[in-house]
Every structure is written in structure tokens, then in C-alpha cells.
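Start counting the sequence shown at 67; every next residue gets the next number (the numbering used here). Just so it is clear, CB atoms sit at the ideal spot from N, CA and C, and this is done for glycine as well. None of these values were measured; they are calculated from a predicted model.
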Amino acid sequence: MLAAISRKIQQAWYEKHFLLWLLLPVSLAFRSLTGLRRLAYLSGYKTIVPSPCPVIVVGNINVGGSGKSPLVICLVEHLKTLGYRPGIVSRGYGGTAPAYPCAVDEQSNPAQVGDEPWMMQRRTGLPCVVDPVRPRGIQYLYDHFDCDIIISDDGLQHYAMARDIEIVVLDGQRHLGNGFCLPAGPLREPASRLDSVDFVVVNGGKVTLSQYAMSLSVEGLYPLAEFNEPEGEPVPFKMNEKVHAVAGIGNPQRFFDTLTTLGCDVDERPYPDHYQFSGEELKFNDNYKIALTEKDAVKCLGYDIDNAYYLKVNAKLEMPFWIALQEKLKSLN
């Protein structure tokens with residue numbers, strides 16, 4: 067019931083439903099409070115905790131998914147090729163770790179550290195720490211893993227955390243919805259916040275001269291049963307083959323559309339972002355294949371599910387972004 071209501075509200079944000087105007091007074095109050103909170107840090111009234119090394123924040127100004135995790139993975143892998151020793155800090159949304167900071171490794175439980183941090187550490191093999199108090203997590207990475215640059219997965223609005231570079235990821239399909247702040251719209255901060263960040267990356271769709279294009283390339287559909295096998299092979303699907311597409315991400319429609327372009331006949335099963343599936347919810351009374359996002363697959367590894375597969379994607383950015391980022395990094399020295 068709550069999941070259905072959540073989907074309806076988010077759908078209304080991006081369809082610009084007229085009834086949301088009734089919430090505009092609350093949105094204006096929210097916008098004022100967020101602005102005052104940021105000003106309190108920028109003016110020195112509230113303390114920004116210094117970081118021991120450069121910090122790059124990859125975040126967004128709207129709720130829901132926009133492609134941050136693939137970009138973080140792409141970013142840390144690129145930094146490693148440049149000779150950096152990157153680490154990842156994350157809040158670990160939805161996790162229930164017994165203590166923080168909590169280092170993520172192959173033995174970690176995704177339910178404790180969060181699905182996204184677990185996936186990012188698995189994909190990159192690089193140090194990753196979850197901590198709701200991000201400055202503490204950054205210090206832990208620096209002290210215990212000898213990192214010389216930290217990527218914060220989300221945390222744009224965590225102003226107690228010092229940062230050197232801000233990257234905002236926008237969904238090129240949904241953009242900023244109706245442009246209102248919560249709860250009348252999807253924005254955590256007003257659209258004008260984009261003017262103060264270092265890079266605006268658009269995941270799919272058109273870009274302006276000041277923005278950078280990102281695309282997600284499909285690596286393939288892999289068996290869930292072979293999730294922990296690094297040398298697994300993607301499985302070919304027959305054209306027009308029906309699949310149950312299950313997604314608990316910020317923008318499930320992007321996942322469904324990707325499967326459609328691969329030739330699948332998609333039975334769409336959307337759930338709220340970070341939804342914790344039960345094994346029964348992933349059992350269907352037929353023999354059709356089940357397709358999951360990689361992030362959702364992390365939460366389903368312990369379930370006895372036949373014919374389940376996950377979609378693996380990689381972020382790609384064009385050379386102008388990497389050149390501009392490298393120039394920005396040089397200016398920090």
C-alpha cells in the first residue's frame with residue numbers, strides 16, 4: 067500500500083500534476099529552511115569538518131536515482147589509472163551496521179552496510195566505508211587505507227563534510243520534474259543550486275554547453291546464481307522473450323526501457339527505491355525469467371530463486387569531462 071502511494075507521488079512530481087500546487091506553501095518553507103541551513107555552514111555559524119585529503123562529492127539535488135553509483139564506480143576506476151589511491155564513503159542507506167564507521171568487504175552483509183556500498187566495493191575492489199557521519203568515515207579511510215582522495219557517494223547536502231569538487235548527476239529523462247522542492251516536487255534544493263557546483267553530468271538526454279553527457283552501456287544479463295563469480299558470462303535472451311522485470315530503484319522505467327531495447331517482452335514490476343524484497347515477492351507461477359538490477363540483485367543473493375538474472379551496466383563519459391576534472395584536480399595541489 068505504502069509502496070503504491072510512494073510511486074503515485076513520484077509519478078505526479080514528474081507529470082506536473084496540478085494538485086501538487088496545494089503543497090507549494092510547505093515546499094517554500096522547506097526551500098527556505100534548506101537555504102538557511104546551507105548558509106549557516108558557508109558563513110561559519112556551523113562547523114565544516116576539515117578533510118585530510120581531497121573529497122569529491124557525487125550527488126544530486128532531487129530525490130530518487132539518477133545514476134550516481136555507476137558514475138562513482140567509473141570515477142574511482144579512472145582516478146586509480148591516474149595514480150591516485152581512491153576510497154569511497156557512503157551513508158549506507160537502509161543499512162543496519164552495529165557500529166560506525168564500518169568498512170565494506172566481500173564478507174559484509176548488504177543488509178547491514180547497504181546495497182549500493184556493497185555493490186560498489188565488489189565492482190571496484192577499492193576501500194569503501196559507510197558512516198552516517200561522513201567526515202568520520204573519511205578520516206577512517208585516510209587512517210586505515212592510506213587513501214589520498216575520497217569519493218562521497220551522495221552527500222551533496224551533508225554540509226558538515228568539507229568537499230573540494232561537487233558533481234551533480236541529473237536524470238536526462240526526468241530532469242528536475244516540476245521544479246518544486248519537497249514535498250510538492252522532487253527537489254532537495256532549488257534548481258539554482260546547480261549554478262554553484264563544479265560539474266553537472268546528465269545521464270542520458272540532451273546537455274547544454276556547461277553540462278557533460280553520461281551514458282550507461284549494457285554489459286549484459288548475468289545469472290544471479292553466478293553473482294560472485296568474476297568471470298561469469300552474460301546470457302543471451304531470445305527476441306520477444308517475456309521476462310518479469312523487478313526493480314527497486316529511483317527510476318525503474320529506465321531499467322524497463324533498457325530491457326525492451328534488448329528485445330525483451332517486459333512485465334514491469336516497480337518498487338520504491340532501496341526496497342527490501344522478500345523471497346516470495348520474487349516467485350512467479352510460471353517459467354519466465356526474472357530480470358533484476360545489479361543493485362537489487364545484491365539484496366536477493368540468499369534467496370532460492372530459479373531463472374533469475376541481473377543487468378550489469380557501466381557508466382561512460384566523454385573526454386572533455388575527464389580533461390576538465392583533471393584540470394580541477396591539478397588546481398587543488
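Item                                                                                                                                                         : Value
What is the rounded straight-line gap between the Cα of Leu242 and the Cα of Val266?                                                                         : 13 Å
Let me know if Lys355 comes out buried or exposed under the rule of 16 or more other beta-carbons within 10 Å of its beta-carbon.                            : buried
Starting from His210, trace the alpha helix (DSSP H) both ways and give me its first and last residue.                                                       : Arg200 to Phe211
Once DSSP output is grouped into helix, strand and coil, what is the label at Cys140?                                                                        : helix
Nearest to Arg103 by CA position, among Ile215, Tyr376, Glu292 and Glu255, is which residue?                                                                 : Glu255
Verify whether the separation of the beta carbon atoms of Leu282 and Phe303 is less than 8 Å.                                                                : no
Name the residue from Gln319, Arg229, Val301 and Leu86 whose alpha carbon lies nearest to the alpha carbon of Pro120.                                        : Arg229
Once DSSP output is grouped into helix, strand and coil, what is the label at Gly131?                                                                        : coil
State the DSSP-derived secondary structure class of Tyr107, mapped to helix, strand or coil.                                                                 : helix
I'd like to know whether the C-beta atoms of Glu182 and Ser135 end up nearer to each other than 8 Å.                                                         : yes
Between which two residues does the beta strand (DSSP E) carrying Thr324 extend?                                                                             : Segment Pro318 to Thr327 is the alpha helix (DSSP H) holding Thr324; no beta strand (DSSP E) there.
Looking at the unbroken alpha helix (DSSP H) that takes in Arg189, where does it start and where does it end?                                                : Asp181 to Thr190
For Pro386, report the span of its beta strand (DSSP E) as first-last.                                                                                       : Premise fails: Pro386 lies in the alpha helix (DSSP H), Met385 to Leu398, not in any beta strand (DSSP E).
Tell whether a beta-carbon distance below 8 Å holds between Ala311 and Val332.                                                                               : yes
Going by DSSP in three states, Lys308 sits in which element: helix, strand or coil?                                                                          : strand
Does DSSP put Val266 in a helix, a strand or coil?                                                                                                           : strand
At which residues does the beta strand (DSSP E) containing Ala257 begin and terminate?                                                                       : Neither: Ala257 is in no beta strand (DSSP E) and is coded neither H nor E.
Can you tell me which of Asp339, Tyr369 and Glu360 puts its alpha carbon nearest to the alpha carbon of Leu348?                                              : Tyr369
Below 7 Å CB to CB, which residues in the same chain sit around Ser131 once its five sequence neighbours on both sides are set aside?                        : Reading the sequence as shown, one finds Gly at residue 131 and not Ser. Answer for Gly131: Ile315, Gly316, Asn317 and Asp339, listed in chain order.
So is Ala250 buried or exposed if we call it buried at 16+ other beta carbons inside 10 Å?                                                                   : buried
State the CB to CB distance for the pair Ile204 and Val155, rounded to an integer number of angstroms; the pair is presumed to be in contact (CB under 8 Å). : 5 Å
Quick check on the DSSP output: the beta strand (DSSP E) that includes Val123 runs from which residue to which?                                              : Val121 to Gly125
Could you confirm whether any beta carbon from chain C is found closer than 8 Å to the beta carbon of Leu348?                                                : No chain C appears in the structure shown, which is made up of a single protein chain.
Quick check: what's the CA-CA separation for Arg97 versus Ser262?                                                                                            : 16 Å
Report the rounded CA-to-CA distance for Gly83 versus Leu275, giving the unit in angstroms.                                                                  : The sequence as given places His at residue 83; Gly does not occur at that position. Approximately 30 Å, taken between the alpha carbons.
What's the C-alpha gap between Ile371 and Gly345?                                                                                                            : 8 Å
How is the alpha helix (DSSP H) around Ala279 delimited, first residue to last?                                                                              : First-last for Ala279: Tyr278 to Pro289, but that is the beta strand (DSSP E), not the alpha helix (DSSP H).
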